[in-house]
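Visitor: Numbering (UniProt numbering), first residue to last: 1 to 294.
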């Protein structure tokens with residue numbers, strides 16, 4: 001009878017000391033199962049929600065509207081271009097989503113939660129013009145910075161982080177420049193190390209502000225191939241882009257913006273001449289051959 005959750009006492013069936021442990025184990029197992037089920041449910045819900053959702057977003061600068069009543073949904077696993085004229089609020093939109101700039105009103109969600117709680121799942125590639133390229137640091141150190149977010153302020157990068165840095169540099173064709181000062185790089189090379197730093201972050205959502213600006217054709221195609229690989233692996237990319245001629249080749253979704261949201265959706269449905277005329281105020285239209293004034 002030893003080890004059973006009961007024993008006989010004066011001919012009667014009585015619970016033994018083992019029964020309390022037995023019941024405790026049952027409760028523990030049930031609790032663990034509930035936690036596991038909740039995590040699975042949360043994971044499934046997380047996959048179903050948009051990577052980015054913005055509702056009723058309004059921003060102003062010196063009482064002048066910069067973004068007005070914006071509602072967008074960026075599905076997970078998509079590669080979406082943000083298109084619009086100068087001053088349309090494209091870069092501002094990215095910075096608002098990431099909390100870099102304050103918003104007047106509206107709700108912003110990243111994977112269904114606040115950006116702050118999802119910060120480690122996000123990588124940001126800013127415009128090259130916003131960076132001090134004369135700062136005395138090497139290519140390797142800049143890319144290694146991509147690992148800092150997950151390490152925190154106290155822990156220093158170790159062997160694993162350094163291996164990931166070299167791997168990212170190899171992917172963007174910049175391994176041989178690892179020890180070079182960033183001030184010695186060309187525009188295309190600078191853009192590649194930005195991308196390498198983002199790869200080290202191993203993010204799920206990438207915000208990119210004009211990643212093809214000032215790069216040569218070969219570098220642009222290399223970057224596009226890498227971005228499409230990220231998309232194929234399930235990553236989400238929201239990219240500020242200016243070249244209307246390449247939108248259909250590079251992206252599967254497009255967001256047309258000019259202070260107000262003009263239209264958002266699949267490229268084949270949204271990227272039309274009528275929508276572009278509205279977006280650019282009748283100043284530009286797209287054709288398969290060229291961009292022309294109207």
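Glycine included, every Cβ here is placed at the ideal spot set by N, Cα and C.
Hey, how far is the Cα of residue 108 from the Cα of residue 70?
Guide: Stepping through the chain shown from its first residue, residue 108 is reached at position 108. Stepping through the chain shown from its first residue, residue 70 is reached at position 70. In a straight line, the C-alpha of residue 108 is about 10 Å away from that of residue 70.
Visitor: Determine, using beta-carbon pairs with one atom in the stretch 165 to 181 and one in the stretch 192 to 199, whether at least three such pairs fall under 8 Å.
Guide: With a cut-off of 8 Å, the stretch 192 to 199 and the stretch 165 to 181 count as touching, because enough Cβ pairs lie within range.
Visitor: Quick one: is residue 354 buried, meaning 16 or more other Cβ sit within 10 Å of its Cβ, or exposed?
Guide: This structure cannot speak to residue 354, because the chain is shown only from 1 to 294.
Visitor: Fully enclosed by the stretch 115 to 151, which beta strand (DSSP E) runs are 3 residues long or longer?
Guide: Whole beta strand (DSSP E) segments, 3+ residues: 122 to 125.
Visitor: Which one of 263, 165, 103 and 210 has the shortest CA to CA distance from residue 129?
Guide: Taking the first residue of the chain shown as position 1, residue 129 is located at position 129. Ranking the options by Cα distance to residue 129, first place goes to 210.
Visitor: Using only CA atoms, which one of 83, 68 and 52 lies nearest to residue 275?
Guide: Residue 275 sits at position 275 when you count from the first residue of the chain shown. Closest by alpha carbon: 83.
Visitor: Would you mind working out which of 127, 125 and 120 sits nearest residue 147, comparing C-alpha positions?
Guide: As a working mapping, residue 147 is identified with position 147 in the chain shown. Of 127, 125 and 120, the residue nearest in Cα terms is 120.
Visitor: Using the three-state DSSP reduction, which class does residue 86 fall into: helix, strand or coil?
Guide: Taking the chain shown and counting its residues from 1, one reaches residue 86 at position 86. In the structure shown, residue 86 sits in coil (DSSP, three-state: anything other than H, G, I, E or B).
Visitor: Starting from residue 263, follow the beta strand (DSSP E) in both directions and report where the run begins and ends.
Guide: Here residue 263 is taken as the residue at index 263 of the chain shown, counted from 1. It spans 260 to 266 - the beta strand (DSSP E) in which residue 263 sits, taken as one unbroken run.
Visitor: Assuming residue 106 is part of the beta strand (DSSP E), what are its boundary residues?
Guide: For the purposes of this step, residue 106 is taken as residue 106 along the chain shown, with counting starting at 1. Run containing residue 106: 105 to 110, per the beta strand (DSSP E) assignment.
Visitor: Per DSSP, which one or two residues make a beta bridge with residue 226?
Guide: Against the chain shown, residue 226 aligns to sequence position 226. DSSP, once it has assigned bridges, lists no residue as partnering residue 226.
Visitor: Could you check how far apart the C-beta atoms of residue 92 and residue 54 are, in whole angstroms? I think they sit under 8 Å.
Guide: Here residue 92 refers to the residue found at position 92 when the chain shown is read from its first residue. Here residue 54 refers to the residue found at position 54 when the chain shown is read from its first residue. Between residue 54 and residue 92 the Cβ distance is about 12 Å, and since that is not below 8 Å, they are no contact.
Visitor: Identify, in the order they occur along the chain, each residue of the same chain with its Cβ nearer than 6 Å to the Cβ of residue 123, setting aside the five sequence neighbours on each side.
Guide: Here residue 123 refers to the residue found at position 123 of the chain shown. Excluding sequence neighbours, residue 123 sits near 198, 201, 203 and 206.
Visitor: To the nearest angstrom, how far is it from the Cα of residue 175 to the Cα of residue 60?
Guide: Taking the first residue of the chain shown as 1, we reach residue 175 at position 175. Taking the first residue of the chain shown as 1, we reach residue 60 at position 60. Each residue's Cα considered, the two are about 43 Å apart.
Visitor: On the DSSP bridge list, what partners appear for residue 60?
Guide: In the chain shown, counting from the first residue as 1, residue 60 sits at position 60. Residue 60 is bridged to 65.
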